[in-house]
Amino acid sequence: MYNSTFNRYIEFLKDDTKSKILNIYPDEIIINNTFQEGNSQKVYVNRFERDKKAREACLKHFGYNCQICNFNFKDVYGNIGTNSIHVHHIVPLAKVAQAYKVNPIKDLIPVCPNCHLILHKKDAPSIEELQQHFKHKAPDKLLVTHKNS
Ligand SMILES: [Zn+2]
Ligand SMILES: [Zn+2]
């Protein structure tokens, strides 16, 4: 797990442009690739999001639902989704003092990979702004239907 993540980071350093690197925190690593129309979309996390104790304390407080869209892996995927969620660090690293100690409840938040991707966009909306997208939304019908043969 660690090795493949690290290898992807090395690949990223090799083939990416300087401007892309400037858009991420200095200590962030790639945790996820999704593909949209042939372009790789990467999600980055920083060291606080990888800190095991901080993550555990955050999840003990909030649980495993995405705090933006309420997605729950276990509800959707069953047992294999147990304990699956990303943890996002709310405080931008640029504003973090050197002696900064992460507060797992104030500074970290459980989010699903989709919401996490958006939170790491350049000029990303705030958590509150993102939550607004789900306030009045009825679930859309899937365009792809699965037929039982
Ligand atoms: Zn979400
Ligand atoms: Zn994050």
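Be aware that the sequence shown starts at 5, since it is given in my numbering, and climbs by one per residue.
Every residue, glycine too, gets a C-beta built ideally from N, C-alpha and C.
Alpha-carbon to alpha-carbon, residue j and residue i
| i | j | result |
| --- | --- | --- |
| P114 | G67 | 8 Å |
| A58 | I84 | 23 Å |
| N50 | H140 | 32 Å |
| Y104 | D55 | 14 Å |
| I89 | N76 | 8 Å |
| C73 | P117 | 11 Å |
| K110 | F138 | 22 Å |
| H92 | N107 | 12 Å |
Nonlocal neighbours in the same chain, by C-beta distance under 6 Å from residue i, ignoring five residues either side
| i | result |
| --- | --- |
| T86 | K78 |
| D127 | none |
Cβ separation of residue i and residue j, assumed to be a contact under 8 Å, to the nearest whole Å
| i | j | result |
| --- | --- | --- |
| I94 | I131 | 7 Å |
| C119 | C62 | Contact doesn't hold; Cβ gap of about 15 Å is too wide. |
Under the three-state DSSP convention, the category residue i falls into
| i | result |
| --- | --- |
| I84 | helix |
| P114 | strand |
| L26 | For L26, the predicted structure reports a pLDDT of 41, less than 50, and the residue's modelled location is therefore unreliable. The matter cannot be settled from this model. |
| H65 | helix |
| H137 | coil |
8 Å Cβ shell around residue i - same chain, five flanking residues per side excluded
| i | result |
| --- | --- |
| K125 | none |
| V80 | none |
Own chain partners of residue i with C-beta closer than 7 Å, once the 5 adjacent residues on each side are dropped
| i | result |
| --- | --- |
| E133 | none |
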